[in-house]
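Remarks on the structure that follows.
Residue numbers (UniProt numbering): 1 to 360.
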């Protein structure tokens, strides 16, 4: 029955699309969605019938990176998408950027200047913070809160009146509690204390030595501090090791992962509190690689149920599926309805496109 309902919904959507195409005189609307994070950029082109015209992977696009790096990765992603689809920029109606690191007005000004310098028509461009697009990926635009936990962490929510609020997202040096970078830094601190004898023993000492390929833990000081630039995205990869050791029973590693889940729930709660939605049946969900952790998911869900008993918990969105956010924003701008059947269809197409992704 569920399958029949899904097929029925897709058929109705396709009929609606065909009617819309006739209304527009046969003109098909196309858009490019980009998910620009701290480690990679994913670009996909769709038409309003949800056909995937390209799927491309490029380098990181975080606004805090060097201008030349960001612009080059944007250009590679979009140019590759146009080449794969056989179209030029005139054949694209608009481009939706899900952009990591857009925390201030100055950040948005930079983003718009980059787009302008690359020659993309401003009238065709939509730029949103990746926390906003994560919100749409989780809630489809309904009232709720989404929390991102990848290299960094931030929670963002919106109520039924369109009021917005955020929590966390202060960057790896100040906070980003619950993120992969925060987990990695907690692990480094715990390992250093264990090495000195100032803290309890932990298997993280040996795992971190292996990660940095050193024989003495003290040698990581040279690697971390005496290079030209601290690459937090690489250090954040330690989070996976911490989770592995937590699953094996290391108490220190487990305490870090538990705390990560609690912090992500707290940020979510804080946003709902700011928007007076604690006692409402709002949608809540996580986005990002940290939610690959069974421990983090379990603690996050338990804490949300404790703090926000009426919340409707969604399954976490991980990997390429995060591009669902800018896709939904694009569909809403086209005036198309977004429901469960449409989203499930998009996800299936994203999963299929992921298998055939082109490296830009």
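Cβ atoms here follow ideal geometry from the backbone N, Cα and C, with glycine treated the same way. Bear in mind the structure is a predicted one, so any value in this text is a computation, not a measurement.
Where residue i falls: helix, strand or coil (DSSP)
i, result
"residue 344", "helix"
"residue 147", "strand"
"residue 237", "coil"
"residue 293", "coil"
"residue 128", "strand"
"residue 323", "helix"
"residue 64", "coil"
"residue 53", "strand"
"residue 24", "In this predicted model, residue 24 has a pLDDT of only 42, less than 50, meaning its place in the structure is not dependable enough to derive any value."
"residue 35", "strand"
"residue 153", "strand"
"residue 353", "helix"
"residue 158", "strand"
"residue 185", "helix"
"residue 179", "coil"
"residue 317", "strand"
"residue 287", "strand"
"residue 312", "strand"
"residue 43", "strand"
"residue 221", "helix"
"residue 165", "strand"
"residue 95", "strand"
"residue 337", "coil"
"residue 281", "coil"
Alpha carbon of residue i to alpha carbon of residue j, nearest angstrom
i, j, result
"residue 286", "residue 187", "22 Å"
"residue 258", "residue 204", "16 Å"
"residue 251", "residue 202", "8 Å"
"residue 284", "residue 337", "21 Å"
"residue 346", "residue 200", "48 Å"
"residue 246", "residue 324", "31 Å"
"residue 313", "residue 73", "34 Å"
"residue 327", "residue 261", "28 Å"
"residue 22", "residue 295", "Only weak support exists for where residue 22 lies, its pLDDT of 35 falling under 50; the value from the coordinates is given anyway. Going by the C-alpha atoms only, they are around 51 Å apart."
"residue 230", "residue 209", "18 Å"
"residue 236", "residue 183", "7 Å"
"residue 194", "residue 152", "26 Å"
"residue 3", "residue 343", "Reliability of the predicted coordinates at residue 3 is poor, the pLDDT of 47 falling under 50, and the value obtained from them is presented with this limitation in mind. Approximately 14 Å, taken between the alpha carbons."
"residue 166", "residue 242", "27 Å"
"residue 121", "residue 305", "45 Å"
"residue 207", "residue 234", "15 Å"
"residue 334", "residue 160", "21 Å"
"residue 273", "residue 101", "24 Å"
Contacting residues, own chain, Cβ-Cβ under 6 Å from residue i (five flanking each side not counted)
i, result
"residue 172", "181 and 232"
"residue 14", "Annotation note: pLDDT 46 at residue 14 (below 50); position unreliable, coordinate value reported separately. Nothing listed; no residue qualifies."
"residue 399", "Because the chain in this structure spans residues 1 to 360, residue 399 falls outside the shown range and cannot be described."
"residue 307", "269"
"residue 66", "none"
7 Å CB neighbourhood of residue i in its chain, flanking five on each side removed
i, result
"residue 148", "130, 131, 134, 154, 287 and 288"
"residue 47", "28, 29, 30 and 53"
"residue 110", "63"
"residue 303", "261, 262 and 265"
"residue 77", "34, 41, 43, 56, 58 and 360"
"residue 279", "310"
"residue 276", "none"
Test item: CB-CB of residue i and residue j under 8 Å
i, j, result
"residue 125", "residue 95", "yes"
"residue 299", "residue 320", "no"
"residue 271", "residue 91", "no"
"residue 138", "residue 318", "no"
"residue 390", "residue 191", "Only positions 1 to 360 of the chain appear in the structure, and residue 390 is not among them; the question remains open."
"residue 329", "residue 128", "yes"
"residue 282", "residue 145", "yes"
"residue 169", "residue 103", "yes"
"residue 38", "residue 162", "no"
Near the ligand ATP: residue i beta-carbon under 7 Å from a heavy atom
i, result
"residue 206", "What this structure holds is no ligand at all, so the ligand ATP is not there to describe."
CB-CB length for residue i against residue j, believed under 8 Å
i, j, result
"residue 98", "residue 35", "5 Å"
"residue 75", "residue 118", "6 Å"
8 Å Cβ shell around residue i - same chain, five flanking residues per side excluded
i, result
"residue 88", "82"
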